[in-house]
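Take a look at the structure set out below.
Protein chains: 2
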Amino acid sequence: MTAHGTSVTTSWPFIEACFGRPHDRIPVWMMRQAGRFLPEYRALRQKHSFLDMCLVPDVAAEITLQPLRRFGMDAAIIFSDILILLPALGLEVRFPGGGPELTNPIQAAGDVDRLSELVPESALPQVYEAIRQTVARLEGERPLIGFCGAPFTLACYAIEGKGSKDWAYAKAFLYREPAAARRLLERLADAAIAHLNAQIAAGAAAVQIFDSWAGVLSRRDFELFGKPYLARMVAAVQKPGVPVIVFARGVPPAWLDGIGAELYSLDWRTDLAEAHELLAPAGVQGNLDPAFLLGPRDRALKETGRILEQMYGIDRFVFNLGHGVLPRTDPDTVKAVVDRVHEWTPGQSL
Amino acid sequence: MTAHGTSVTTSWPFIEACFGRPHDRIPVWMMRQAGRFLPEYRALRQKHSFLDMCLVPDVAAEITLQPLRRFGMDAAIIFSDILILLPALGLEVRFPGGGPELTNPIQAAGDVDRLSELVPESALPQVYEAIRQTVARLEGERPLIGFCGAPFTLACYAIEGKGSKDWAYAKAFLYREPAAARRLLERLADAAIAHLNAQIAAGAAAVQIFDSWAGVLSRRDFELFGKPYLARMVAAVQKPGVPVIVFARGVPPAWLDGIGAELYSLDWRTDLAEAHELLAPAGVQGNLDPAFLLGPRDRALKETGRILEQMYGIDRFVFNLGHGVLPRTDPDTVKAVVDRVHEWTPGQSL
């Protein structure tokens, strides 16, 4: 196990692939693999609020394990939310249904200085307890991935106070208040680093940083508001044996070079083989469009095969989606895709 | 005038720039330049529903002219909506406030065959009358741009029935029902072509096709569901003297080559000079992030200057935003940017 930052080598294909070491099958997991598309998730959801599901350790652990039982993915990812950090900083978040809402978003430069400092074990003990319980229940069979939001994406929500398509008002704040923007992004990076390190200490064998909205930035602004904070986070959480994955959704792979992650998660707009060449020696993860999981199973398998053909012979590759599993996905299609990745032999009919 | 497809050369800088002919100043207009950020628009909005504003010709004409009076842009764009086509095809759209809603979206392959054929002059006479009135009131001082949505973007709304961030269900329909998808995209292309040609016949001096959501497609799917329909539309509306602009938002410029437009409108994630090299001899339009218009005026002007410096000496360039003007934009900042473009001399302090 790599739970405590030791350099013991495991034989989990997922971890081996993250480091580009030989392994005996292509590892696969799916973003949002625990979620609304699973009947057993919906059954729990009827009894618990969304926040409860994240913050009651045995419920979060149970949800985390649900997809592994059904599908046998190569990694679990702790059931949580990127916004779970914000209340710990003094920004209250509600999940009333149609997306998150902040009651006291950041509106002025001075609001940044009112943010609390995150002391992980006292602010989010439930998350780490959920990780400990999950790791115990996994019994070493599969690694568990911890995760958090990236500073820019967290800042988007902290400033706009709710979801947005273009985050123009969040960006306008960054442009208008560059000094406060830097302080905010640094605060969020500190908090996210502390949160990831606490997840690793609790037993997470890998971590993924979600910069879900970095794709709204120009290259220059990504280099100001996105990349430096991602690079700082990667450096501050990387430990022997514990890979760091960065998912900067919608960002061209050429802009990611130098962040220092073991693996970059990419969406379906990116050519995975080209990205791999650009980012080597780092690896890539992706990139099936989750919309293919809504359609006929043979089409989903054909697209899966295309990705597998394309990545043939590349050790540093993890099969995943380009974004999260969609609520109306048929679990049997997910099963078929996971099986196809595991059973795949190059050149078989697509 | 080029209103009737003649090849008479005008001296409008905007039209000259579209064709890469010499002109004496850098032309500028802004997507959504007529809209909520203008007090005189909000005053009219209190008296009319959104659809009325599009479909009562003298109101639409008045709104179209509002920004030109204030800011002196180099082109007007008819006040309308890309979804105005859908009711004419039998898909009822309502604008209840938080975005459009369709009462009878396309849910099955058979729904495609129930769409009506668009006979523009009988289906949307108000739009063409608004164009005639606007052109008359412009008295030749400025050209008027007509526009419509691209087939893929219209299909997204037609299938999902409301706005979406990722259009996964619309894409899933296209994947699941490829034959119906082709028929739907062809129908929408036919309708959009008829609508643009009727706008040109009514006096539009240029047209812009908005593929607002093409950025959710992979390259292969853009080549299946986006590009061929854009290319077909361009070929079917292009007339001597009447330029066609394509705005496929979020699509990398390399994917656009071959569509045949005079100008490609690009957002702030694209390097405008690189795009110009890729797409030459076609021109480019863009690409100030509208979020800069929300902030301090000097920052907006600095970013404007950067774009102007970058595009120095390139005739086939029209200054624009990378997306529409945002509702909370200060009109005086828009004025300052338009003036800066018009007065600009290379090398002046940014």
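Chains as they are written, first to last, in the numbering used here: chain A, 1333 to 1682; chain B, 1333 to 1682.
Glycine included, every Cβ here is placed at the ideal spot set by N, Cα and C.
From a predicted model like this one, the values you see are computed outputs, not experimental measurements.
Determine the extent of the beta strand (DSSP E) in which residue i is found, giving its start and end residues.
| i | result |
| --- | --- |
| Gln1617/B | 1615-1620 |
| Phe1649/A | 1649-1653 |
| Ser1448/B | Here Ser1448/B belongs to no beta strand (DSSP E), and DSSP marks it neither H nor E. |
| Gln1326/A | The structure shown has nothing for residue 1326/A, since chain A only spans 1333 to 1682. |
| Val1657/B | Here Val1657/B belongs to no beta strand (DSSP E), and DSSP marks it neither H nor E. |
| Val1360/A | Val1360/A -> no beta strand (DSSP E), and no H or E assigned at all. |
| Leu1456/B | Looking at the DSSP string, Leu1456/B is not in any beta strand (DSSP E), and its letter there is neither H nor E. |
With a CB to CB cut of under 6 Å and the five nearest residues on each side skipped, what residues in its chain are close to residue i?
| i | result |
| --- | --- |
| Phe1505/A | Ile1491 |
| His1336/A | Only weak support is given to the placement of His1336/A: the predicted model assigns it a pLDDT of 47, under 50, and the value that follows is read from those uncertain coordinates. There are no such residues. |
| Leu1387/A | Gln1458 |
| Leu1640/A | Trp1676 |
| Pro1483/A | Leu1517, Leu1520, Ala1521, Tyr1561 |
| Arg1515/B | Val1444 |
| Gly1495/B | Gly1431 |
Could you work out which residues of chain B lie near residue i, taking near to mean beta carbons separated by less than 7 Å?
| i | result |
| --- | --- |
| Pro1628/A | Arg1508 |
| Ser1550/A | Trp1600, Arg1601, Asp1621 |
| Ala1504/A | Ala1623, Leu1626, Gly1627 |
Regarding residue i and the ligand FMN, is the C-beta to nearest heavy atom distance less than 7 Å?
| i | result |
| --- | --- |
| Ala1530/A | The ligand FMN is not part of this structure, which contains no ligands at all. |
Give me, in chain order, the residues of the same chain whose beta-carbon lies closer than 8 Å to that of residue i; leave out the 5 immediate sequence neighbours on both sides.
| i | result |
| --- | --- |
| Leu1376/A | Met1385, Val1391, Glu1394, Ile1395 |
| Ala1623/A | Leu1658 |
| Asn1320/B | Chain B is shown only over 1333 to 1682; residue 1320/B falls outside these bounds and no answer can be derived. |
| Thr1466/A | Ala1392, Ala1393, Thr1396, Leu1397, Ala1408, Ile1410, Leu1476, Gly1535 |
| Gly1547/A | Ala1580, Arg1581, Gly1582, Val1583 |
| Thr1338/A | The pLDDT assigned to Thr1338/A is 45, lower than 50, so where the model puts this residue is not dependable; a value taken from the coordinates is nonetheless given after this. The residues are Pro1572, Gly1573. |
| Leu1423/A | Leu1434, Asn1436, Pro1437, Ile1438, Leu1447, Ala1490 |
Does chain A have any CB closer than 8 Å to the CB of residue i?
| i | result |
| --- | --- |
| His1674/B | no |
| Ala1511/B | no |
| Leu1397/B | no |
| Leu1658/B | yes |
So residue i contacts chain A; which residues on that side make the cut at Cβ distance below 7 Å?
| i | result |
| --- | --- |
| Leu1604/B | Ordered by position in chain A, no residue passes the 7 Å Cβ test against Leu1604/B, which lies about 11 Å from the chain. |
Can you check whether the C-beta of residue i is within less than 8 Å of a C-beta belonging to chain B?
| i | result |
| --- | --- |
| Phe1542/A | no |
| Asp1498/A | yes |
| Phe1624/A | yes |
| Thr1338/A | Since pLDDT at Thr1338/A reaches only 45, below the 50 mark, its modelled position is unreliable, and the value read off the structure follows with that caveat. Cβ-Cβ to chain B under 8 Å: no for Thr1338/A. |
Residue i touches chain B at which residues, Cβ-Cβ below 8 Å?
| i | result |
| --- | --- |
| Leu1370/A | The premise fails here: Leu1370/A is roughly 17 Å from chain B at the closest Cβ pair, so nothing lies under 8 Å. |
| Arg1631/A | Tyr1507, Arg1508 |
Which first and last residues belong to the alpha helix (DSSP H) in which residue i is found?
| i | result |
| --- | --- |
| Gln1630/A | In the sequence as displayed, the identity of residue 1630/A is Asp instead of Gln. Where Asp1630/A is concerned, the enclosing alpha helix (DSSP H) stretches over 1629-1642. |
| Asp1522/A | 1510-1533 |
| Gln1398/A | 1389-1403 |
| Asp1671/A | 1663-1675 |
| Leu1415/B | Counting along the chain, Leu1415/B falls outside any alpha helix (DSSP H), and DSSP gives it neither H nor E. |
| Ala1536/A | From DSSP, Ala1536/A is part of no alpha helix (DSSP H); its letter is neither H nor E. |
| Leu1486/A | 1483-1492 |
Output, in chain order, the set of chain B residues within a Cβ distance shorter than 9 Å of residue i.
| i | result |
| --- | --- |
| His1655/A | Asp1498, Ala1500 |
Please go through the same chain and pick out, in chain order, the residues whose beta-carbon is closer than 7 Å to the beta-carbon of residue i, but skip the five residues on each side of it.
| i | result |
| --- | --- |
| Leu1456/B | Ile1416, Ala1420, His1527 |
| Ile1525/B | Met1565, Ala1568, Val1569 |
| Arg1374/A | Arg1368 |
| Phe1403/B | Val1666, Lys1667, Val1670 |
| Leu1556/B | none |
| Gln1642/B | Leu1604, Ala1605 |
Can you find a C-beta in chain E that's less than 8 Å from the C-beta of residue i?
| i | result |
| --- | --- |
| Arg1648/B | Considering every chain present, this structure includes no chain E. Its protein chains are A and B. |
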